[in-house]
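Each remark here refers to the structure printed beneath this line.
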Amino acid sequence: MTRFDFGTVALRLITLLMMTFLVFPIAVTLIVAVNPREFILPPNGFTLDWFKAAWSSKTFLRGMGVSLVLGIAAAFLANVLALPAAMALVRNNFFGKAAINIVLMSPLLIPTTIFSLALYIYFVRIGYGSGLLPLLVGHTVHIMPYALRILTASLHNLDPSYEEAARIVGAGRIRTLFSVTLPVIRTGLISSFALCFILSWNDFPISVFLAPPGWTPLPVELFSYIKFQYDAVAAALAGSLILLSALAIVIIDRLAGLRRVLRS
Numbered sequence: 001m002t003r004f005d006f007g008t009v010a011l012r013l014i015t016l017l018m019m020t021f022l023v024f025p026i027a028v029t030l031i032v033a034v035n036p037r038e039f040i041l042p043p044n045g046f047t048l049d050w051f052k053a054a055w056s057s058k059t060f061l062r063g064m065g066v067s068l069v070l071g072i073a074a075a076f077l078a079n080v081l082a083l084p085a086a087m088a089l090v091r092n093n094f095f096g097k098a099a100i101n102i103v104l105m106s107p108l109l110i111p112t113t114i115f116s117l118a119l120y121i122y123f124v125r126i127g128y129g130s131g132l133l134p135l136l137v138g139h140t141v142h143i144m145p146y147a148l149r150i151l152t153a154s155l156h157n158l159d160p161s162y163e164e165a166a167r168i169v170g171a172g173r174i175r176t177l178f179s180v181t182l183p184v185i186r187t188g189l190i191s192s193f194a195l196c197f198i199l200s201w202n203d204f205p206i207s208v209f210l211a212p213p214g215w216t217p218l219p220v221e222l223f224s225y226i227k228f229q230y231d232a233v234a235a236a237l238a239g240s241l242i243l244l245s246a247l248a249i250v251i252i253d254r255l256a257g258l259r260r261v262l263r264s
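To convert, note that position 122 of the sequence shown is 122 in UniProt numbering; the numbers rise steadily by one, no gaps.
What follows is the structure, encoded as structure tokens:
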């Protein structure tokens, strides 16, 4: 007779409820996006008119372009800055190492809204205010701790003997970095860049404080639209981004292996 395990059943039930809680808003968004009656549920048909309106909107297309450029630039800079920091923390023991690690990870300890307001006040005091440079700096500083954690984990899994072997046969530090270190931690780099890009793409508080006129990221444009328009165009745009995210997951799985990315 199988013994009833209350703990296992309770854990599975809680997990199911949490997954339902996470998936339900996504499902509702996708249903609303193809519903001819806007936000009125249950749906009474199927239409792609909201998707056409979303993808023909110059405002949204411009916001996507801004978010795309900003996300790529911020993710690239975050990883370029995080890589040498991760290598220094993993490969060396020095006085103040723990304190430096805490300082580098400190943006995660501050609520994003407070962090964004503090950045805005700082840039105003030095004469910049909102602008492209403050916006890029804000996104980069905010997502760099995530890159640092992923790259640190990847470097911990890298056997130092590989780098030592390259140095023994005459490779310099730069040659060793590009010929040995980076290829071995390629999965960590891909996952780090992908995560940083997604975080930058979805960021709202930093963008709303620091974005200059004419350079407004998509989350801010979407927020401005739903404040004054009551239709399903915003839901269609959100649904499109959900589908694109699913496509990105498939591409990452094909290029690097999703299990390897998540494990890194």
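Yeah, the Cβ is synthetic: ideal placement off N, Cα and C, and Gly gets one too.
Secondary structure of Gly-131 (DSSP, three-state): coil. Short of 7 Å from the beta carbon of Leu-104, and not among the five residues preceding or following it, lie these beta carbons of its own chain, in chain order: Ala-85, Pro-145, Leu-148.
With contacts defined as CB atoms closer than 9 Å, Ile-242 and Leu-30 qualify as a contacting pair. If you check the CB distance, Ile-185 and Ser-161 do not come in under 9 Å. Taking C-alpha positions only, Asp-203 is separated from Ala-78 by approximately 15 Å. Per DSSP, the continuous alpha helix (DSSP H) segment holding Val-103 begins and ends at 97-105. Boundaries of the alpha helix (DSSP H) harbouring Ala-33: 6-33, taken from the DSSP string. Its Cα nearest to that of Ala-75, the residue Cys-196 stands out among Cys-196, Ile-226, Ser-240. A direct Cα-to-Cα measurement between Phe-6 and Thr-20 gives close to 21 Å.
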